[in-house]
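> I'd like to ask you about the structure that follows.
Protein chains in written order, with the numbering used here: chain C, 449 to 808; chain G, 1106 to 1614; chain S, -5 to 302.
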């Protein structure tokens, strides 16, 4: 087998590769489920079909889809800007945690005042927290040339320790009987990010996710900054020649992705999660990396990929409950998806030729 | 080696890549102790042919014979074992390793390091190519780096030495010394396959020549018996007329560079030292020099990719050295760097997007940061039409274009923005002759309309043809300029730094 | 607080144990990066090695067999990375991340049935009278054999890179793959070998955590050791000897903070727990800011596709 570079990237494959990757993952996942002693067809159906269309589960699962997809989309949109520009923020999990801590802290500071301003302030605090946490690797890269991949990732472990100390210390619920964890924000209406339309799972985080998709689409396609982001990722020297300031671009990408991850954390802590706990974070920041690539770093693609990935979470829970499928198998399944995606990705830029048939 | 049969016979070799036949039924022979030229334009198929002889590429059909026996090297190592050695055009060297390590990597059975270092000293002495085996290659000049390649070949006592465009990094004086070395080698019985598109060199050096055009052999001749004009016509397939000067007189000083000194921006870059020059409206300043003497750094200083101290670069008396590329474009200072793909243009982006790359300010393609893709597209179409860029349309990716067409696009993109100052680096490097002629004419026309034009080039013939004044860049220093019309090749060579420290070969035979 | 409970001899001895997984993973990654490949999947290969080694050691009762299978497990996962990045030309950063995410998932999956089990003990190397030496014997000559294996591996890699032709070729490929290809070296094949070696080393490092250092199985138990190993390669400026220094520095901080926690210093436990990561970041910044001309292999992370 040989690969031949295409004169131009193939648009057809650009759309087709994620679909192909999903199909291949289903096949390989099926094999994995079979090895675990489960019927692969039932397992796949339970994960991908039942949450949406099985009468018994759909009422619960459908709203969950938006609830789970919102943080993934919000974070992935931010990450995709950086990934396109060659800025590798892989510490979104940490920024998500810090956003949640900041948002919750501001909310709890006002407790129990019932003021309209509390929630907007929490939103600002969440975004700012994530932004500042992401600025650490951003500034270190710009100022000292330190690798942002390693720094942003290492800061996740720091953030995890921080959230634990918050849950045990300053933010602990004074009326919680000494148990770790903050007050439940869902029970504090001024700070609560409740369902906007009953039974849909729609909360402010979902709204923010949709807005971020539109924002990213316009930025990338219509605005000079988005053009420069794409340029810097594809061809850094050409970008410099075109007048891009690389340092400023790094800070922009890190800042936006950090702020969006922080927002996601804030909406989560004030909504679905309700409180800051020791193990508040569940890995959205890492899964969002898969979402970003699965969506081909394209805003609309990320929207779809986020929904699909949310489905694997919900379906995975369902399969765990119904079939006793271990929860870790879903994590492996998601990792596999990213593998297959990367493996078939080359079809957009290369032609595959079998044998030595070199005649044109 | 006293048999009269050919050392290497190429017989009907064909090699095709998707969309292009690189070699079509090519045949020729090289005799022992002869210097044979392979002459052709860029894209004529010379590189593919030598890659086959060196075992990097395998022919689709046809045969090669060495001393009458079938010769089909499966790898460069097999070719080296058979006595073939090659000096690459783009050096096959490793910057972070030292000279001895580099040489060792290109040998089949390298001796232990200490012995190797001794042999390197011996050979480099004997052929007048001084080298220190312990130096780090990244710190050496282009000429020194070429010596490493040559010494690496000589250490293996090759029967056939392939040299791919070896003189593009040498001053005229260094070329003279190289030729003496090559003649000495030939006299010792080594055959040399000499690849070039420089006609005068081939006329003075080579015993025979095979001329390739679009992958086919179009002629065989003894170059000394033909005029350069004949050879050019065979190579290009048509007669090209020299570009015409508009003949206007130079106006006021537009671009002025004063005492510009800059540290290199990357590990193996060149330091610019006290560079000063002025260019007037309607004038073309040619800056010559051997590769790696500060050309890229000078262009980056003019484009704004590296910033200069205040006052070092002014346009119409106004400081521009402290502004970035965007601000300079607004003033009218435009540039085109050497590397087309990845620097002057983004390879995977469409021509429309590449038109946007440098054109958005002067062509009004953006408002408040929002981009007008329709206007960008029509700007791209205008470039394509005006400069005869062969492409199906502006939606095509830049990397899909041939070198010549992309270069016409890149230069055209800047010229159509009607700059006050245009600085270009290697405007016709790797470009076919007709595109090169078109680009040179376009630059002259721009100067004729009153722009100040700076052409940085390693092609001295090109600079003689289009520039009014000439300066030489040598180790980051720029010589004072001199009018082009009263310069001889000798003068230019001396301005470029002469023979540096190369010496004539010590031993003969 | 009782600082006198910290025994310096024991501290240094346990530092050598704490550093061993990092040494193994970092020396493997160093070879990979020297060949011009950036494999960010160290964490994933370590955790896979941890569970492979643990499972096999428990089932067979032989830690040696466990380590061997851990090396193979790490190498297999690494070859997946190799296939994707070298043959299918995928982005190295993304593929490395995929390796980590996948490794964490698959190891948790395999590890379900191994929670709460103790592995067979890895034997101490009997050094006879050397182990009885005061202080020195305790610090240097009373460890299990993997500690010495890791040290020997560093020495072997150092000598390989510096003195052998294989090492020279590996470095050449990492400096300029186009030139290496033009000279006839098989860039992809050489890199695949380096990647497999790196995976095997990471697997060994992971198994050392699950079989010796902890020793038991918990999900995600490598806790960032793979990322720290990556940071230590940068800290070491791609030199084998300095990997040792970096790993001991890191091991020292880890052990010290654990001892301080145990001694009950009036600093929150979380602050002590995050200190190794913070200090790693600080060291990274120091190392990268000092010199502008960096010593990273020139082709690090770049795609290679032979056009001819």
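Built from N, CA and C at the ideal position, the CB exists for glycine as well. These numbers come from a predicted model, not from an experiment.
1. Mind checking which residues open and close the beta strand (DSSP E) that includes residue 787 of chain C?
2. Taking only three categories from DSSP, how would you classify residue 708 of chain C?
3. Between which two residues does the alpha helix (DSSP H) carrying residue 1486 of chain G extend?
4. Is there contact here, the region 47 to 55 of chain S with the region 109 to 116 of chain S, by at least three beta-carbon pairs under 8 angstroms?
5. Give a yes or no on contact between the region 1284 to 1297 of chain G and the region 1202 to 1214 of chain G, applying the rule of three or more CB pairs nearer than 8 angstroms.
6. Do the CB positions of residue 791 of chain C and residue 198 of chain S come within less than 8 angstroms of each other?
7. Whole angstroms is fine: what's the gap from residue 1340 of chain G's alpha carbon to residue 1559 of chain G's?
8. Run through chain S and tell me which residues come within less than 7 angstroms of residue 1201 of chain G, C-beta to C-beta.
9. Assign residue 1473 of chain G to buried or exposed, taking buried as 16 or more other Cβ atoms, counted over all protein chains shown, within 10 Å of its Cβ.
10. Check whether chain G comes within 8 angstroms of residue 165 of chain S, counting only Cβ atoms and requiring the distance to be less than that.
11. CA-CA distance, residue 588 of chain C and residue 279 of chain S?
12. Relative to chain G, which residues along the region 205 to 232 of chain S have a C-beta separation below 9 angstroms, given in chain order?
13. Whose CA, out of G:1193, G:1147, G:1194 and G:1155, lies closest to the CA of residue 1119 of chain G?
14. For residue 1446 of chain G, write down the residues that DSSP places opposite it in a beta bridge.
15. In the region 8 to 59 of chain S, which residue ranges form an unbroken alpha helix (DSSP H) of at least 4 residues, counting only runs that do not cross its ends?
16. Among residues of its own chain, excluding the 5 on either side of residue 1161 of chain G, which ones have a beta-carbon nearer than 7 angstroms to its beta-carbon?
17. Measuring only between beta-carbons, confirm whether residue 1397 of chain G sits less than 8 angstroms from chain S.
18. Pairs of beta-carbons, one from the region 1521 to 1537 of chain G and one from the region 1400 to 1413 of chain G, closer than 8 angstroms: are there three or more?
19. Please work out which residues of its chain come closer than 8 angstroms, Cβ to Cβ, to residue 1146 of chain G, disregarding the five sequence neighbours upstream and downstream, and give them in chain order.
20. Is there a C-beta anywhere in chain C that falls below 8 angstroms from the one on residue 27 of chain S?
21. State the Cα-Cα distance for the pair residue 31 of chain S and residue 295 of chain S, rounded to the nearest angstrom.
22. For residue 728 of chain C, name the three-state secondary structure that DSSP assigns.
23. Would you decide whether residue 1296 of chain G is buried or exposed? Buried here means 16 or more other CB atoms lie within 10 Å of its CB.
24. Does residue 1115 of chain G come within less than 8 angstroms of chain S when only Cβ atoms are used?
25. Quick check: residue 1197 of chain G and residue 266 of chain S, are their CB atoms within less than 8 angstroms of each other?
26. Got a sec? Which residues, its chain only, sit under 7 angstroms from residue 1598 of chain G by beta carbon, not counting five neighbours each side?
27. So, is the C-beta of residue 1175 of chain G closer than 8 angstroms to a C-beta in chain C?
28. With DSSP run on the structure shown, which of helix, strand or coil describes residue 1420 of chain G?
29. Where residue 706 of chain C and residue 574 of chain C are concerned, what is the direct C-alpha to C-alpha distance, given to the nearest angstrom?
30. If you check the beta carbons only, do residue 241 of chain S and residue 20 of chain S fall under 8 angstroms apart?
31. If distances are taken between C-alpha atoms only, which option among G:1389, G:1280 and G:1541 comes closest to residue 1249 of chain G?
32. Name the residue from S:4, S:1, S:29 and S:36 whose alpha carbon lies nearest to the alpha carbon of residue 225 of chain S.
33. Chain C beta carbons: is any one of them nearer than 8 angstroms to that of residue 287 of chain S?
34. Counting only the same chain and skipping the five closest in sequence on each side, list residues whose C-beta sits under 8 angstroms from that of residue 1256 of chain G.
35. Of all the alpha helix (DSSP H) runs that stay within the bounds of the region 576 to 606 of chain C, which reach a length of 4 or more residues?
36. DSSP beta-bridge partners for residue 671 of chain C?
Concretely, from the data shown:
1. Premise fails: residue 787 of chain C lies in the alpha helix (DSSP H), 775 to 793, not in any beta strand (DSSP E).
2. helix
3. For residue 1486 of chain G, the enclosing alpha helix (DSSP H) has its first and last residue at 1478 to 1491.
4. yes
5. no
6. no
7. Cα to Cα, the separation comes out at about 29 angstroms.
8. 169 and 292
9. exposed
10. yes
11. Going by C-alpha positions, residue 588 of chain C is about 7 angstroms away from residue 279 of chain S.
12. Cβ contacts with chain G come from no residue of the region 205 to 232 of chain S.
13. Considering only alpha carbons, the answer is G:1155.
14. G:1450
15. 36 to 54
16. 1181
17. Under the Cβ distance rule, residue 1397 of chain G does not count among the residues neighbouring chain S, no pair being separated by less than 8 angstroms.
18. Contact between the region 1521 to 1537 of chain G and the region 1400 to 1413 of chain G is present, because at least three Cβ pairs lie under 8 angstroms.
19. 1302, 1318, 1340, 1341, 1537 and 1538
20. no
21. 5 angstroms
22. coil
23. Label assigned to residue 1296 of chain G: buried.
24. no
25. no
26. 1276, 1277 and 1278
27. no
28. strand
29. 10 angstroms
30. yes
31. G:1280
32. S:36
33. The predicted model places residue 287 of chain S with a pLDDT of 48, which falls under 50 and marks its position as unreliable; any figure quoted below should be read in that light. For residue 287 of chain S, the answer is no, since every Cβ of chain C falls outside 8 angstroms of its Cβ.
34. 1208, 1225, 1228, 1229, 1232, 1234 and 1236
35. none
36. G:1475
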